[in-house]
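Below: one structure, written as structure tokens.
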Amino acid sequence: MGTTLQISIDDIPDGVIICDRTGTIRTFNGALEQIFGYTREDLIGRKIEILVPERFAGHAKLRETYAQNPVSRPMGSVQRIYGRRKDGSEIPLDISLSKLNDSGDIICFARDVSEHVRLAEEIRQSAYFDPVTGALNRRAFNEDLAEAMSGIDARVNGVCIALFDLDHFKDVNDTLGHSVGDKLLVAFCDRLREVMHEKMRLYRIGGDEFALILPTCADPQNAFAFVETAIWNVRKPVFIDAHEITIGCSAGVVHAPENGITPDELMSNADLALYEAKIIRGRVSRFTPDLRAAVEERFALIPELKAALEQEQFELHFQPQIDIRSGRVVGAEALLRWQHPKRGLLTPDSFIDLISGSDMSIGIGRWVLFQACAQARKWQSLVGRPLKVAVNLFPRQTYSKSLVNDVTWALADTGLGAASLELELTENTILDSSDNFIEVLGYLRDLGVTIGLDDFGTGYASLNSLTRYPVDTIKVDRSFVSGSAGKPENQAVLRAMVMLAREFGLVSVAEGVESVEEAEIIQQIGFNLGQGYNWSRPISGPDFERLLKSGGRQLPVAVASQAAASDDRETQAVGLPGIHGRSRQVSV
Numbered sequence: 005m006g007t008t009l010q011i012s013i014d015d016i017p018d019g020v021i022i023c024d025r026t027g028t029i030r031t032f033n034g035a036l037e038q039i040f041g042y043t044r045e046d047l048i049g050r051k052i053e054i055l056v057p058e059r060f061a062g063h064a065k066l067r068e069t070y071a072q073n074p075v076s077r078p079m080g081s082v083q084r085i086y087g088r089r090k091d092g093s094e095i096p097l098d099i100s101l102s103k104l105n106d107s108g109d110i111i112c113f114a115r116d117v118s119e120h121v122r123l124a125e126e127i128r129q130s131a132y133f134d135p136v137t138g139a140l141n142r143r144a145f146n147e148d149l150a151e152a153m154s155g156i157d158a159r160v161n162g163v164c165i166a167l168f169d170l171d172h173f174k175d176v177n178d179t180l181g182h183s184v185g186d187k188l189l190v191a192f193c194d195r196l197r198e199v200m201h202e203k204m205r206l207y208r209i210g211g212d213e214f215a216l217i218l219p220t221c222a223d224p225q226n227a228f229a230f231v232e233t234a235i236w237n238v239r240k241p242v243f244i245d246a247h248e249i250t251i252g253c254s255a256g257v258v259h260a261p262e263n264g265i266t267p268d269e270l271m272s273n274a275d276l277a278l279y280e281a282k283i284i285r286g287r288v289s290r291f292t293p294d295l296r297a298a299v300e301e302r303f304a305l306i307p308e309l310k311a312a313l314e315q316e317q318f319e320l321h322f323q324p325q326i327d328i329r330s331g332r333v334v335g336a337e338a339l340l341r342w343q344h345p346k347r348g349l350l351t352p353d354s355f356i357d358l359i360s361g362s363d364m365s366i367g368i369g370r371w372v373l374f375q376a377c378a379q380a381r382k383w384q385s386l387v388g389r390p391l392k393v394a395v396n397l398f399p400r401q402t403y404s405k406s407l408v409n410d411v412t413w414a415l416a417d418t419g420l421g422a423a424s425l426e427l428e429l430t431e432n433t434i435l436d437s438s439d440n441f442i443e444v445l446g447y448l449r450d451l452g453v454t455i456g457l458d459d460f461g462t463g464y465a466s467l468n469s470l471t472r473y474p475v476d477t478i479k480v481d482r483s484f485v486s487g488s489a490g491k492p493e494n495q496a497v498l499r500a501m502v503m504l505a506r507e508f509g510l511v512s513v514a515e516g517v518e519s520v521e522e523a524e525i526i527q528q529i530g531f532n533l534g535q536g537y538n539w540s541r542p543i544s545g546p547d548f549e550r551l552l553k554s555g556g557r558q559l560p561v562a563v564a565s566q567a568a569a570s571d572d573r574e575t576q577a578v579g580l581p582g583i584h585g586r587s588r589q590v591s592v
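Start counting the sequence shown at 5; every next residue gets the next number (the numbering used here).
Here it is as structure tokens:
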């Protein structure tokens, strides 16, 4: 009978094992031997627990309970269990159990479901994981956020959410292709994972938008500090398909329950914080209660801005640039103003961020370029000598295919020589630009246009910018100049920057010179040019012409009177050859 039974179970493709009521193995078939790797000598006479992982310590008791009432259990009716192979590895199994005879013997059919588990995991991965980056997806984020926010205590285990948005990712896709874009997303996630703590979870919730859940975060300042570190870490250049790309990103941080008690409320506030961060880009912003009103006010300006260009509400003001040695006005920086029909003359801080982050910047930037070139050509005809105008480029212009044409047309249309135009870019704008933009800058320089690096010293890679990009001028940020008269450490930095400029053969410009003392310091240190309220605030085109007609030695009467009305603080004339300061301190 035993031989007949052995033959019959060997014909079954699933593993078959027969045990007595005490769990002792009596026999099994070849399929089970293949599943577990044991021979007959290894198993016959041993307890069935030899095939059960040690972590299931209660199996023997469950087996005894079943033996007292051996009800048939078909495949699929028993919760998936795991078996233990001879080599110690585990294998997922589906089993069926039934009573074999009146002696209490039990027959068990075991099926290896490893392939089924693998396929199920693939389905789970597609349901909860992003296939490009391997990060969790929006569905997982929504479920995990709801779970994390249930029963939180702000003092013990508050939850922080950080939203990240990659700067100019669409431009990378458009210029370098989606394959490079996908690899950039992977690199971004890898950089974040380098600094993530063990309990943090990363999610891709949009095309170039990611989220981090920071659980048990009672102090949102800790989350803010972490995100600042993360942004710094991801900015390191990456090389993808022979392209060197810098991953710029912005982030918004919120804390629950402080900034929201439901997932929807929390995410709405996170979006607002992210929006504020993207105004400048490359920074992190934390939600505050007054942020919503401020953002709504900004949004209200967008349709008005779109109409402002068509209705000719924009105008340019110009801040003189002074040759430190001669004291002469040698040029000006063109600065955008908005003559709002209801709010009056608006300075850039109230609207420039809305332009920078939108496609409006291409058209408005083109208008600024043409107007500035036309004004500079008019000045040169007026005074009979070269004068340079500096024009700030919006970040999106660096990605625009029309930039070269815009510059060449502006020069040709106005008759301005290329050497009289300087294009200014911030360090962060340059870092966020594409490899192709380096070629564009090289072409523009070949035309004779000079390139200025604005706000020098405040970006992420000043020295790298000087070595990699074709730059002619560095404009040292006002934060180093302001108050330098009483700060020896600032003066040391200014000296180092001037020496650096000389080593690279660059023109050095000091921005934000607001006092006689500061003017004397930058003269002594050796700056080539100076710019700031010590000489003049930004003034209109007609006022700048009057300044030139006066020899550049005094402000027009209208400007001086306006300055006097703005502030009563007396200042002295600048002690530089051939140049005098304002009669009074003014504010823009």
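Ideal Cβ placement from N, Cα and C applies to all residues, glycine included.
Model, not experiment: these values are computed from the prediction.
With DSSP collapsed to three states, give me the class of residue i.
i, result
"G348", "strand"
"E316", "coil"
"S12", "helix"
"L427", "strand"
"R88", "strand"
"L309", "helix"
"T31", "strand"
"E280", "helix"
"N141", "strand"
"R302", "helix"
Could you compute how far the alpha carbon of residue i sits from the alpha carbon of residue j?
i, j, result
"I16", "F60", "28 Å"
"Y3", "G446", "The displayed coordinates of the chain run from 5 to 592. Any statement about residue 3 would go beyond what the structure contains."
"S365", "R400", "7 Å"
"V615", "D46", "Given a span of 5 to 592 for the chain in the structure shown, any question on residue 615 remains unanswerable."
"G211", "P135", "12 Å"
"G461", "E119", "58 Å"
"R302", "L295", "11 Å"
"H595", "V480", "The structure shown does not extend to residue 595, since the chain is modelled only from 5 through 592, so no value can be given for it."
"A500", "F484", "12 Å"
"E300", "D169", "20 Å"
"V199", "A234", "7 Å"
"A564", "S540", "Model confidence at A564 stands at a pLDDT of 35, short of 50, so the residue's coordinates are unreliable; what they give is reported in the following sentence. Their Cα atoms are separated by approximately 9 Å."
"Q566", "D547", "With a pLDDT of only 36 at Q566, under 50, the local geometry of the prediction cannot be trusted, and the value read off the model is given with reservation. The straight-line gap from Cα to Cα measures roughly 12 Å."
"I99", "W236", "53 Å"
"I130", "K310", "According to the sequence provided, residue 130 is Ser. The question's Ile does not apply to it. Distance between the alpha carbons of S130 and K310 is about 42 Å."
"R115", "L101", "12 Å"
"V257", "S272", "11 Å"
"A1", "S354", "The structure shown does not extend to residue 1, since the chain spans only 5 to 592, so no value can be given for it."
"Q315", "V190", "45 Å"
"Y42", "M79", "23 Å"
Under DSSP, the beta strand (DSSP E) around residue i begins and ends at which residues?
i, result
"N105", "Per DSSP, N105 belongs to no beta strand (DSSP E) and is neither H nor E."
"G19", "G19 to C23"
"N396", "K392 to N396"
"Y207", "R205 to R208"
"D116", "I110 to D116"
"E521", "Looking at the DSSP string, E521 is not in any beta strand (DSSP E); the run it does join, the alpha helix (DSSP H), is V520 to I529."
"I478", "T477 to V480"
Excluding the five sequence neighbours on either side, which residues of its own chain have a C-beta within less than 7 Å of the C-beta of residue i, listed in chain order?
i, result
"V238", "F192, R195, L196, I251 and C253"
"A260", "M153, I156, G162, V163 and L270"
"L358", "R302, L305, I306 and L309"
"G34", "D14"
By a C-beta neighbour count over all protein chains shown, 10 Å radius and 16 as the cutoff for buried, is residue i buried or exposed?
i, result
"G516", "buried"
"A139", "buried"
"M503", "exposed"
"R381", "buried"
"Q535", "buried"
"H321", "buried"
"E522", "buried"
"S406", "exposed"
Leaving out five residues on either side along the sequence, give the residues of the same chain with a beta carbon under 6 Å from the beta carbon of residue i.
i, result
"R50", "I29"
"R482", "E515 and G516"
"D458", "E428, T430 and K479"
"N494", "F484 and S488"
"G108", "R25"
"G19", "A35, L36, I39 and A114"
What are the boundary residues of the alpha helix (DSSP H) that includes residue i?
i, result
"R545", "First, the amino acid is wrong: residue 545 is Gly here, not Arg. Run containing G545: G545 to K553, per the alpha helix (DSSP H) assignment."
"S377", "With the sequence shown as reference, residue 377 is identified as Cys, and Ser is not the correct amino acid for it. Here the alpha helix (DSSP H) through C377 covers M364 to V387."
"F508", "P492 to F508"
"H182", "H182 to V199"
"G34", "G34 to F40"
"A414", "L407 to T418"
With a CB to CB cut of under 8 Å and the five nearest residues on each side skipped, what residues in its chain are close to residue i?
i, result
"E549", "K382, W383 and L386"
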